[in-house]
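First residue of the sequence shown? That's 1 in the UniProt record's numbering, and the numbers climb one at a time after it.
Using N, Cα and C, we set each Cβ at its ideal position, and we do this for glycine too.
First the structure, in the form of structure tokens, and then the observations on it.
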Amino acid sequence: MAIQAKSQEISNPKGLYDPRPHGYSHVTAVPVNSSLVFVAGQAGTNEKGELSADFRTQVRFTLKNIETALKSKGLTLRHIAKLTTLVVDYGPEKHKILIEESQKAWPDEKYPVNTLIPVSRLALDGMQIEIDATAVLLKD
1 MAIQAKSQEI
11 SNPKGLYDPR
21 PHGYSHVTAV
31 PVNSSLVFVA
41 GQAGTNEKGE
51 LSADFRTQVR
61 FTLKNIETAL
71 KSKGLTLRHI
81 AKLTTLVVDY
91 GPEKHKILIE
101 ESQKAWPDEK
111 YPVNTLIPVS
121 RLALDGMQIE
131 IDATAVLLKD
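The following block contains the structure:
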């Protein structure tokens, strides 16, 4: 089942389980006539670099920071082909929050491909999540 986005094709092939209830997709195909935009790992910090102790708040700020970085290149979350998500002390509650926040960010369920990696620590004290993104800009 392919879901056509503006700049890439997102699909969840038959024979693989449907990952959309978990907030991601299995495959993204990037057209030859496109540019890739890489966003460094973003944390759940506000503009002052402050972290909330609340995981959900950090997830929201992380996605907002990715959105801000993409906007600087004229892109949106819909242009993301691939995410890598790092989570400290990953478990069922954090999994649920990630799904809920992904559903808010991509209400059409056209989720980017995502690899989630549980980790023991991230760069800053109190940092619970970091996400990097690869987005696609279709050239005219």
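The Cβ-Cβ distance between Ile117 and Leu98 does not fall below 9 Å. Contact between Asn33 and Leu138 holds: their C-beta atoms lie close to 7 Å from each other, under 8 Å.
Taking all protein chains in view, the Cβ of Thr28 is crowded by 16 or more other Cβ atoms within 10 Å, so the residue is classified as buried. Annotation: the stretch 23-85 contains the following complete segments of the alpha helix (DSSP H) (minimum length 4 residues), in chain order: 55-71. Remark: C-beta atoms of Ala43 and Thr62 approach each other more closely than 9 Å. By the neighbour-count criterion, in which 16 or more other beta carbons inside 10 Å mark a residue as buried, Tyr111 falls on the buried side. Judged by DSSP in its simplified three-state form, Glu130 adopts strand. In the three-state reduction of the DSSP assignment, Ser102 falls in the helix class, which pools H, G and I. Contact check for Gly23 and Ser102: beta-carbon distance about 3 Å, within the 8 Å limit, so the pair qualifies. By the neighbour-count criterion, in which 16 or more other beta carbons inside 10 Å mark a residue as buried, Lys104 falls on the exposed side.
Check the Cα spacing between Ala133 and each of Lys96, Gly41, Pro13: the tightest is with Gly41. Residue burial annotation: Leu83 is buried, with at least 16 other C-beta atoms found within 10 angstroms of its C-beta. Across the set Leu124, Gln8, Pro21, Glu100, the C-alpha of Leu124 shows the shortest separation from the C-alpha of Leu51.
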